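Going down the list, the sequences are from chains A and B.
Residues in the first sequence are numbered consecutively from 1, following full-length UniProt numbering.
Residues in the second sequence are numbered consecutively from 1, following full-length UniProt numbering.
Below: the structure, in structure tokens.
Number of protein chains: 2
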Amino acid sequence: MRPEPPPDADTVAGVGEFGLIRRVTRGRAQPSSTLLGPGDDAAVVAAPDGRVVASTDVLVEGVHFRLDWSTPEQVGRKAAAVNLADVAAMGAAPTALLVGFACPADTPTALVDGITDGLWAEARRAGAGVVGGDMVSCPNVVISITALGDMRGLAPVTRSGAAPGDVLAVCGRLGWAAAGLAVLGRGFRSPVAIVGAQQAPEPPYAAGPQAAEAGASAMLDVSDGLLSDVGHIADASGVAIDIRTDLLPVHQRLIDVGSALGANPRHWVLTGGEDHALAATFPEPADVPDGWATIGTVRRGAGVTVDGRPYEGTSGWEHWR
Amino acid sequence: MRPEPPPDADTVAGVGEFGLIRRVTRGRAQPSSTLLGPGDDAAVVAAPDGRVVASTDVLVEGVHFRLDWSTPEQVGRKAAAVNLADVAAMGAAPTALLVGFACPADTPTALVDGITDGLWAEARRAGAGVVGGDMVSCPNVVISITALGDMRGLAPVTRSGAAPGDVLAVCGRLGWAAAGLAVLGRGFRSPVAIVGAQQAPEPPYAAGPQAAEAGASAMLDVSDGLLSDVGHIADASGVAIDIRTDLLPVHQRLIDVGSALGANPRHWVLTGGEDHALAATFPEPADVPDGWATIGTVRRGAGVTVDGRPYEGTSGWEHWR
């Protein structure tokens with residue numbers, strides 16, 4: 001472990017654990033679902049449905065985010081979004097975040113403040129509060145988030161309910177984060193909308209409960225890439241899924257960036273992760289809610305095809321490989 | 001970041017993320033409160049009370065545990081225990097754990113298996129299941145746990161409800177982990193019971209709901225040290241608390257280890273953290289349940305005293321200081 005630097009008023013060592021906890025919790029307005037917020041051994045959150053939906057993600061500096069590519073506020077927004085999207089993908093309404101934050105002693109307090117602002121901004125966008133957490137010393141920056149949600153009387157939408165004859169639909173951005181990564185990787189900082197999508201996704205949280213209410217048979221959020229994640233629905237449901245490229249939403253901005261970089265924007269849409277769009281299957285085409293785009297069909301069989309053929313190339317991201 | 005070593009069948013890189021997830025989830029029996037376990041975007045856990053209690057802790061290798069001092073199974077037990085104790089300290093019955101696990105690519109799968117076994121063993125002791133999580137690559141080993149619990153119709157017991165005239169009582173081990181640390185620090189590996197207490201605490205989970213039912217006015221788990229943590233009750237409740245050393249439970253094993261090492265066992269009991277005993281205040285001496293030891297009184301004023309006087313010495317652990 002690195003030697004401890006001398007405490008400095010603008011570092012977490014200078015402020016100390018309890019000072020830091022005061023700093024990240026003061027002046028934040030909790031939603032009505034937060035029955036008991038930070039400051040005790042545990043938080044208490046309303047779960048009126050009688051079931052609580054819960055998901056955890058861990059983000060590591062250098063693996064999931066780069067502080068030279070993103071502002072602390074963007075890192076906080078991204079850390080919250082990846083979890084809130086998981087909760088929405090069950091059809092639940094997010095209610096709360098718990099935040100585990102690990103960092104070295106010489107970490108600037110401005111970094112912690114920025115991440116906290118981002119966490120709160122994204123939590124609010126989803127209707128949730130930051131209700132508790134833990135702050136510890138660690139050689140590198142690690143953010144671990146647990147998101148909770150309420151089903152509001154609906155049945156959870158799992159990955160395993162797709163059936164032959166269903167249609168596949170998506171809601172939210174696809175390929176934007178991958179395009180942003182390609183832009184950043186070439187040393188560019190614009191277009192801002194594309195780069196911003198890589199720095200912090202904007203999952204369509206309300207579309208999760210919307211799809212559950214519309215009778216979605218299976219759903220997940222696209223975190224690793226459309227083909228890879230739709231493959232999880234196919235595997236869990238024991239079905240084949242075919243995606244039609246002529247139905248695929250390829251935004252004009254992606255086409256422009258693709259032209260500039262000499263890259264295929266459709267490849268970003270099919271394989272790019274980190275946008276946290278929602279993908280769901282519905283029994284009937286008429287079930288697909290407003291704001292969703294139908295992009296394929298569910299058949300008997302196994303695996304995912306594109307226009308009836310296996311897709312050539314890698315289909316997503318797996319850790320340690 | 002360290003260079004990636006070549007994948008090896010007995011490392012997490014060799015098994016891969018999805019293989020590792022299969023490995024840690026297969027063959028585990030979930031309690032009835034687990035409505036949907038690992039494998040989807042989020043877990044679904046019963047919350048029959050209509051409120052869910054939730055707490056997060058992060059454990060970092062080298063800061064919170066040492067793999068040369070503890071087995072992986074002990075590390076897993078400890079990681080689960082610190083969170084489950086927080087939930088019990090609200091008066092809730094633990095229902096579920098979510099586990100964020102970060103480690104380097106060359107981490108042996110045996111380490112992951114051992115930690116998983118420990119997490120499950122401790123979860124079972126508390127009546128909970130391991131319902132979900134996330135596994136990511138990271139330069140060092142970090143374990144982040146969120147524990148959920150159900151209040152079973154009781155009011156949550158916070159830190160702020162102590163009132164003058166209340167009595168202070170404790171349940172569970174105090175000073176054992178500190179004594180174990182002293183033993184390990186001298187290079188010894190025994191007595192096993194004392195060293196084992198440092199490696200993995202044994203919080204009295206059932207005593208949390210027991211105290212809530214008995215009318216506890218304030219409660220927390222002793223994670224940083226008795227004086228430090230009782231100080232949190234005093235601060236939050238706006239009261240003074242006096243601890244009587246003649247009532248303090250100092251186990252004969254601690255007296256023996258103290259004699260051998262030339263240390264004061266009472267200092268371990270008053271200031272040692274990591275045992276996760278429960279400390280609670282009760283309005284009347286007769287309210288104190290079986291298995292709890294009354295050790296002090298609540299008065300008007302502020303701060304914590306020992307036999308009416310300020311305690312000389314440090315009173316607990318604060319990160320980054």
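Ideal Cβ placement from N, Cα and C applies to all residues, glycine included.
Note that this is a predicted model, so its numbers are computed, not measured.
Residue i: contacting residues in chain A (beta-carbon distance under 8 Å)
| i | result |
| --- | --- |
| Cys-171 of chain B | The contacting residues do not exist; Cys-171 of chain B stays about 15 Å from chain A at best. |
| Thr-158 of chain B | Leu-36 and Asp-40 |
| Leu-220 of chain B | Asp-40 and Asp-41 |
| Asn-264 of chain B | Result: empty, since nearest Cβ-Cβ is about 26 Å, beyond 8 Å. |
Any chain B beta carbon closer than 8 Å to residue i
| i | result |
| --- | --- |
| Ser-228 of chain A | no |
| Leu-168 of chain A | no |
| Arg-2 of chain A | Because the pLDDT of Arg-2 of chain A is 48, which lies under 50, any placement of that residue in the model is unreliable, and the number read from its coordinates should be weighed accordingly. No, Arg-2 of chain A does not count as interfacial toward chain B. |
| Arg-152 of chain A | no |
| Asp-86 of chain A | yes |
| Leu-174 of chain A | no |
| Val-63 of chain A | yes |
| Trp-268 of chain A | no |
Spatial neighbours of residue i in its chain, beta-carbon cut-off 7 Å, leaving aside the 5 residues before and after
| i | result |
| --- | --- |
| Leu-119 of chain A | Gly-76, Ala-79, Ala-80, Leu-97, Val-99 and Val-130 |
| Met-135 of chain B | Glu-17, Leu-20, Ile-21 and Phe-101 |
| Gly-161 of chain B | Ser-217, Ala-218 and Ser-237 |
| His-232 of chain B | Arg-159 and Leu-220 |
Interface residues of chain B facing residue i [CB-CB closer than 8 Å]
| i | result |
| --- | --- |
| Thr-56 of chain A | Leu-98, Val-99, Gly-100, Gly-132, Gly-133, Asp-134, Ser-144 and Thr-146 |
| Arg-51 of chain A | Leu-35, Val-44, Val-45, Ala-46 and Ala-47 |
Same chain, Cβ closer than 8 Å to residue i, five either side skipped, listed in chain order
| i | result |
| --- | --- |
| Asp-113 of chain B | Arg-23, Val-24 and Pro-72 |
| Ala-214 of chain B | Phe-282, Asp-287, Val-288 and Pro-289 |
| Leu-227 of chain B | Ile-243, Leu-270, Thr-271, Val-304, Val-306, Tyr-311, Ser-315 and Gly-316 |
| Arg-186 of chain B | Leu-261 |
| Pro-285 of chain B | Val-167 and Thr-294 |
| Arg-321 of chain A | Its pLDDT being 49, under 50, Arg-321 of chain A is placed unreliably by the model, and the measurement read from it follows with that caveat. Contacts found: none. |
| Arg-2 of chain A | In this prediction, Arg-2 of chain A scores a pLDDT of 48, lower than 50, which makes its location untrustworthy; no coordinate-derived value is stated. |
Residue i, buried or exposed, once every other Cβ within 10 Å from all chains shown has been counted against 16
| i | result |
| --- | --- |
| Phe-18 of chain A | exposed |
| Pro-156 of chain A | buried |
| Asp-10 of chain A | exposed |
| Ser-32 of chain A | exposed |
| residue 377 of chain B | The requested residue 377 of chain B is not part of the displayed model; chain B covers only 1 to 321. |
| Gly-14 of chain A | buried |
| Arg-173 of chain A | buried |
| Val-192 of chain A | exposed |
| Ser-223 of chain B | buried |
| Gly-27 of chain B | exposed |
N-terminal and C-terminal residue of the beta strand (DSSP E) that residue i is part of
| i | result |
| --- | --- |
| Thr-146 of chain A | 142-150 |
| Thr-34 of chain A | 34-36 |
| Leu-254 of chain B | First-last for Leu-254 of chain B: 252-261, but that is the alpha helix (DSSP H), not the beta strand (DSSP E). |
| Asp-134 of chain B | 129-137 |
| Leu-67 of chain A | Note, Leu-67 of chain A: premise wrong, no beta strand (DSSP E); not H, not E. |
| Val-44 of chain B | 43-46 |
| Pro-209 of chain A | Looking at the DSSP string, Pro-209 of chain A is not in any beta strand (DSSP E); the run it does join, the alpha helix (DSSP H), is 207-213. |
| Ala-93 of chain A | 93-103 |
| Gly-303 of chain A | 303-306 |
Residue i, enclosing alpha helix (DSSP H) - first and last residue
| i | result |
| --- | --- |
| Asp-86 of chain A | 72-88 |
| Ala-110 of chain B | 109-126 |
| Arg-22 of chain A | 12-25 |
| Pro-265 of chain A | 265-271 |
| Val-230 of chain B | 226-237 |
| Val-183 of chain B | 176-185 |
| Ala-197 of chain A | 192-199 |
Closer than 8 Å to chain A by CB, residue i
| i | result |
| --- | --- |
| Pro-203 of chain B | no |
| Ala-89 of chain B | yes |
| Ala-79 of chain B | no |
Sequence-distant residues of its chain with Cβ nearer than 6 Å to residue i (five each side left out)
| i | result |
| --- | --- |
| Val-52 of chain A | Leu-148 |
| Glu-61 of chain A | Asn-140 and Val-141 |
| Gly-39 of chain A | none |
| Ala-302 of chain B | Ala-240 |
| Arg-309 of chain B | none |
| Gln-198 of chain A | Ala-177, Gly-180 and Leu-181 |
| Leu-248 of chain A | Val-269 and Ile-295 |
| Gln-30 of chain B | Gly-37 and Gly-129 |
| Gly-132 of chain B | Pro-38, Ala-43 and Leu-98 |
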